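Worksheet: one structure, shown below.
Residue numbers (full-length UniProt numbering): 1 to 355.
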């Protein structure tokens, strides 16, 4: 069956000037298509009320009341955000399933004279496509995994590789978490929802050239509260792995630099350590919490590394049973040391310094 001219499929998104998400702010915050702007035809409370009216008084009453709200909201968007749009402006609108909310918005915009269109299947169809891409894309890429114990400068090495033109996937940046009990982002920055993480991950994967290696840090299945798709986990487990080796003193200095912000709220830091209860002896945990409350971060992180993180990393390596493709000794985890390591890795893989 032919698709109506004002209803388009996902592959045509690039033809439009603006992508409009007509869902509520709460729906938009949970996840949305990359680059979309939120112009809701119903706000969160209005949508809740329409749902209640539908259940209590029926579909007609819900449409009668909701229709008036939709009209007012669309009119406000036209007045506030579209007055500068030229006659040739082409917006693409979507809602949850490509139904009444986006359809009403498109009808208004087309009546004005803009060549607006509605995304077929809406966000629900897009989400189905994202799930498919999470399984299809990882096996098509040439992965290179950077491993090493806590404080080895793996994330900084990825940045040095990216600065030299290498393809890099920074999973911790997408997840807004470092993947450990103390890995939350500074200043209470929340992690994305699982759906928003999936969307960002697919957006990143689609930009990579399959003919060139993609560098990524070794991660467990979960990074904080979000999970990696199984296809990516499997692909990374099969990929060649680089093992970064650095002196303990250099690693400790880097950890203290990266996690210094935790010392601003000592009570919160001590509370975070309770996640280790049952994994560490009670007297050890009590000592670490005392140090946290006293701001003695050097002693705290030195023991966390030797008693918790390093043994955890060794066990993960033992379980994998796969020897590293190559080892990269880095005497100093400063910019010069990491830049040299990045250049050596790229030369070793035939990418040069500006691949």
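Even for Gly, the Cβ is constructed at its ideal location relative to N, Cα and C.
Please read these numbers as outputs of a predicted model, since none were measured by experiment.
Here residue 229 is buried, its C-beta having at least 16 other C-beta atoms within 10 Å.
DSSP, read as helix, strand or coil, puts residue 140 in helix.
Per DSSP, the unbroken beta strand (DSSP E) holding residue 327 starts and ends at 326-329. Note on residue 199: 16 or more other CB atoms within 10 angstroms of its CB, so buried under the neighbour-count rule. Cβ-Cβ distances below 7 Å link residue 113 to 87 in the same chain, with the five nearest sequence neighbours on each side left out; the list follows chain order.
Contact between residue 214 and residue 169 is confirmed by a C-beta separation of about 6 Å, below the 8 Å threshold. For residue 217, the enclosing beta strand (DSSP E) has its first and last residue at 213-217. Contact check between the stretch 144-159 and the stretch 332-339: three or more CB pairs, one atom from each, fall below 8 Å, which counts as touching. The residue from 275, 310 and 208 with its alpha-carbon nearest to that of residue 252 is 310. Here the alpha carbon of residue 121 sits roughly 17 Å from the alpha carbon of residue 16. The Cβ atoms of residue 328 and residue 242 sit closer than 8 Å to each other.
In this chain, residue 41 is not harboured by any beta strand (DSSP E), its DSSP state being neither H nor E.
Per DSSP, residue 86 lies in no beta strand (DSSP E) segment and is marked neither H nor E. Rounded to the nearest angstrom, the gap between the Cα atoms of residue 205 and residue 106 is 31 Å. Secondary structure of residue 53 (DSSP, three-state): helix. Contact between residue 143 and residue 236 holds: their C-beta atoms lie close to 6 Å from each other, under 8 Å. Proximity to residue 12 across 296, 93 and 178 peaks at 93, based on C-alpha coordinates.
For residue 21, the enclosing beta strand (DSSP E) begins and ends at 18-21. Comparing alpha-carbon positions, the option among 141, 301, 165 and 37 lying closest to residue 234 turns out to be 141. The three-state reading of DSSP puts residue 167 in strand, counting E and B together.
Secondary structure at residue 276: helix, using DSSP grouped into helix, strand and coil. Around the beta carbon of residue 295, fewer than 16 other beta carbons sit within 10 angstroms, so the residue counts as exposed. If you draw a straight line from the Cα of residue 119 to the Cα of residue 21, it is about 10 Å long.
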